[in-house]
Amino acid sequence: MSWNSSRLRAKKLGGRAPAVPYWAPLGIDLFAKAINRLLKDDFFEWTRQILEVPGRTVRLNTLGVEILMTDSPENTKAVLSTKVSTSILVSPAKVSGFADALVNPQQFADFGKGEAFHKIWYDLMFDSVFATDGAIWHDNKNLLRDHTAKSRTTDYTVTERHVSTLIRVFSDSRPHDCLDQMDRFVFDVVSDVFFGESAGTLFTELQPVRNAVEEMFLWNTQRILIGKLGALLPRSKKASAVLNQYLDHVIDQAMAPAEDLDSDEAKRKAKSMLRVLVNDNVSRKRIKDQMMAILLSGKDPVSITLVWVLYELARNPDIVAALHAEISSTVGFSAKPFPAQMKTMSLLQNIIKETLRMQPPVGFSIRTAFSDTTLPTGGGATGKGRIGVLKGTHIVMSYIGTQRCKDLVGPTANIFDPWRWEKWSPPLWEFLPFNQGPRICLGRNFAWMQMEYLLYRVFQVFSHVDLVGEDGERIVAREEMKIKITLNTKPAKPVMLRFRKAGE
Ligand code: HEM
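For the record, in the sequence shown the residue sitting at position 43 is 43 according to the UniProt record's numbering, with numbers rising by one throughout.
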């Protein structure tokens with residue numbers, strides 16, 4: 001298909017979004033700029049600058065690929081909600097399987113993860129819910145939903161076990177690399193709840209599985225930046241072997257006959273996702289797909305959010321004092337909180353919401369157009385017209401951009417203020433930490449439970465948290481932390497924290 005006929009097709013569909021300027025052939029200069037901004041950890045700042053256009057949507061042409069970047073809630077809604085293909089709307093009778101489409105309209109959505117994403121992330125995401133579309137995605141969702149949708153009473157017991165360990169770690173008055181500790185904590189909880197066996201990472205310095213996952217995250221993020229070509233670059237074979245070894249080992253354990261069938265712990269394990277899938281004779285391959293979905297989705301977003309919460313609290317002692325007062329008036333400092341009690345704690349809830357607004361761990365999300373289609377806004381000189389989108393175009397949605405947009409949130413959009421939630425409630429498509437639409441996060445309730453429980457318990461024990469430098473000295477400067485973007489958006493530098501009890 002020639003460049004001219006592509007332009008003609010796009011023109012018939014709608015207008016064009018303003019292009020980010022480039023001068024080198026194939027937009028190599030633009031590609032280099034994006035990589036440079038990523039490496040300097042100011043990619044988000046760059047995207048904010050280029051999105052300051054009417055319609056808040058821009059076109060980036062690099063390496064022969066067209067990317068539309070947007071933080072417009074209207075465009076994000078069009079991509080994420082169940083939008084039936086224009087071809088179906090025009091001529092339903094001609095589309096075979098239309099009856100199925102009515103029952104299951106997602107299969108006809110215009111946007112999805114796409115094959116390049118699937119290929120590049122295969123060694124980490126396998127054929128899991130994260131990397132698939134259509135029927136396989138749907139099937140994955142059905143296998144996962146029952147296990148992730150709600151928190152069970154036993155989940156609190158398991159979480160408490162690992163929180164106690166973490167509190168012991170934090171009780172030594174020394175600075176700790178908080179992301180490292182949170183990541184261990186969440187990995188231990190998630191493996192314990194969903195696989196029936198904790199990975200036990202809080203107890204050891206050796207972290208082969210976490211290191212392997214991190215290596216694949218970094219490498220695949222670089223591969224995805226060069227689009228389809230990224231799939232031709234080699235995979236991280238060693239890291240992949242370490243990961244597979246771990247998964248096989250845990251599955252083998254779950255398949256072995258249980259020794260003590262009557263204890264509460266044995267009953268809990270028997271109900272874990274892994275054991276249920278094993279008992280249902282789901283194939284090893286499909287079990288691994290589900291385990292990776294849980295590991296990837298369950299671990300990083302929760303640990304990253306918790307680190308951002310603690311980072312903000314360390315910079316805002318007044319909020320810590322108010323949280324302490326709230327704990328004191330709810331359950332107090334010795335008993336364990338009940339789930340319903342934590343829901344009544346408005347400051348605790350608002351601290352989590354405000355962190356997810358300012359620092360959503362999934363700050364950007366990418367989709368590919370599966371057919372010629374449109375976005376509702378951002379086209380033409382006024383930015384109010386429809387945009388024509390050709391099949392194969394990548395759409396990068398900046399959730400962090402939407403959630404920090406002054407036009408939507410107000411002049412204080414970049415200030416961490418949990419109290420804003422007492423009188424402010426954003427419309428559905430302007431607050432997207434868990435996504436919206438059919439691909440909304442399946443573990444959001446479980447994630448919320450872990451975060452509120454951990455924060456409650458940590459601040460039941462500690463009254464102060466200090467941000468400290470490499471020399472162990474307290475940092476009082478309110479310097480903004482840069483954001484590192486891989487598949488997630490996390491602090492660019494280690495967040496070193498020291499916890500203190502009252503009087504220490
Ligand atoms: C603070 C914590 C969390 C945040 C902010 C979060 C956010 C998200 C987001 C933004 C997506 C959509 C990704 C995309 O489509 O590109 C997603 C999907 C998903 N999340 Fe979460 N998540 C969190 C925790 C969890 C936990 C704890 C679990 C499970 C134990 C989980 C399970 C999933 C699954 C299975 C999907 C895939 C849904 C699909 O594609 O249909 N998440 N999450």
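Just so you know, even glycine gets a beta-carbon here, dropped at the ideal spot from N, CA and C.
Note that the coordinates shown come from a computational prediction; the quantities given were computed from them, not determined experimentally.
{"Item": "Mapping DSSP to helix, strand and coil, what is Arg235?", "Value": "coil"}
{"Item": "By the DSSP assignment, the alpha helix (DSSP H) with Phe117 in it spans what residues?", "Value": "Glu115 to Ile120"}
{"Item": "Indicate, with yes or no, if the ligand HEM has a heavy atom lying under 7 angstroms from the CB of Leu442.", "Value": "yes"}
{"Item": "Going by beta carbon distance, what residues of the same chain come within less than 6 angstroms of Ser81, once the five residues before and after it are set aside?", "Value": "Gly437"}
{"Item": "Is Gly28 helix, strand or coil when you go by DSSP?", "Value": "Just to set this straight, residue 28 is Ile in the shown sequence, not Gly. Three-state DSSP puts Ile28 in a helix."}
{"Item": "Run through DSSP, which three-state label would Thr132 get?", "Value": "coil"}
{"Item": "Rounding to the nearest angstrom, what Cα-Cα distance links Glu265 and Gly298 in this structure?", "Value": "22 angstroms"}
{"Item": "Please look up how many angstroms separate the CB atoms of Met449 and Pro337, rounded, as I've assumed it's under 8 angstroms.", "Value": "Incorrect: roughly 11 angstroms between the Cβ atoms, too far for contact."}
{"Item": "Does the ligand HEM have a heavy atom nearer than 7 angstroms to the CB of Thr305?", "Value": "yes"}
{"Item": "For the candidate residues Ile400, Lys501, Lys288 and Ala17, whose alpha-carbon lies nearest to that of Leu60?", "Value": "Ala17"}
{"Item": "Can at least three beta-carbon pairs, one atom from the region 344-360 and one from the region 322-334, be found at a separation below 8 angstroms?", "Value": "yes"}
{"Item": "Jot down the residue ranges of each uninterrupted alpha helix (DSSP H) in the region 162-222, minimum 4 residues, whole runs only, in chain order.", "Value": "178-190"}
{"Item": "Within 8 angstroms, do at least three Cβ pairs link the region 408-424 to the region 30-41?", "Value": "no"}
{"Item": "Near Glu312, which residues of its chain fall below 7 angstroms by C-beta distance, leaving aside the five closest residues on each side in sequence?", "Value": "Thr355 and Phe416"}
{"Item": "From which residue to which residue does the beta strand (DSSP E) around Asn279 run?", "Value": "That residue, Asn279, is in no beta strand (DSSP E); its alpha helix (DSSP H) goes Met273 to Asn279."}
{"Item": "Quick check on this structure: which residue in Ser173, Pro433 and Thr76 has the alpha carbon closest to the alpha carbon of Pro376?", "Value": "Thr76"}
{"Item": "Please name the residue, chosen from Gly388, Gly392 and Lys11, that lies closest to Phe370 on a Cα-to-Cα basis.", "Value": "Gly392"}
{"Item": "Excluding the five sequence neighbours on either side, which residues of its own chain have a C-beta within less than 7 angstroms of the C-beta of Trp424, listed in chain order?", "Value": "none"}
{"Item": "Kindly indicate which three-state DSSP category Leu102 falls into: helix, strand or coil?", "Value": "Model confidence at Leu102 stands at a pLDDT of 32, short of 50, so the residue's coordinates are unreliable; what they give is reported in the following sentence. Three-state result, Leu102: helix."}
{"Item": "How many Å lie between Asp471 and Pro360 at the Cα?", "Value": "30 angstroms"}
{"Item": "Would you be able to state if there are at least three C-beta pairs under 8 angstroms between the region 238-247 and the region 221-228?", "Value": "no"}
{"Item": "Tell me which residue opens and which closes the beta strand (DSSP E) that Ile485 is part of.", "Value": "Ile483 to Ile485"}
{"Item": "Using the C-alpha atoms, what's the distance from Phe126 back to Lys267?", "Value": "30 angstroms"}
{"Item": "Taking only heavy atoms of the ligand HEM into account, decide whether any of them is closer than 7 angstroms to the Cβ of Ser328.", "Value": "no"}
{"Item": "Shortest alpha-carbon distance to Leu26 belongs to which of Lys384, Gly64, Pro54 and Trp308?", "Value": "Gly64"}
{"Item": "Using alpha carbons as the reference points, say which of Ile35, Pro301 and Leu390 lies closest to Lys11.", "Value": "Leu390"}
{"Item": "What does the alpha-carbon distance come out to for the pair Gly55 and Trp46?", "Value": "17 angstroms"}
{"Item": "Below 8 angstroms on the Cβ atoms is my guess for Val309 versus Leu455; work out the distance and round it to an integer in Å.", "Value": "7 angstroms"}
{"Item": "Does DSSP put Pro339 in a helix, a strand or coil?", "Value": "helix"}
{"Item": "Give the range of the alpha helix (DSSP H) segment to which Glu430 is assigned.", "Value": "Premise fails: Glu430 is in no alpha helix (DSSP H) and is neither H nor E."}
{"Item": "Would you check whether the ligand HEM has a heavy atom nearer than 7 angstroms to the C-beta of Thr489?", "Value": "no"}
{"Item": "If distances are taken between C-alpha atoms only, which option among Glu160, Lys493 and Lys484 comes closest to Phe364?", "Value": "Lys484"}
{"Item": "According to the Cβ coordinates, are Thr221 and Arg210 closer than 8 angstroms?", "Value": "no"}
{"Item": "Cutting at 6 angstroms between CB atoms, please list the residues of its own chain near Met291, excluding the five before and the five after it.", "Value": "Leu247"}
{"Item": "Would the beta-carbon of Ala254 fall within 8 angstroms of that of Leu233?", "Value": "no"}
{"Item": "Quick check on Pro418: buried or exposed, where buried means 16 or more other Cβ atoms within 10 Å of its Cβ?", "Value": "buried"}
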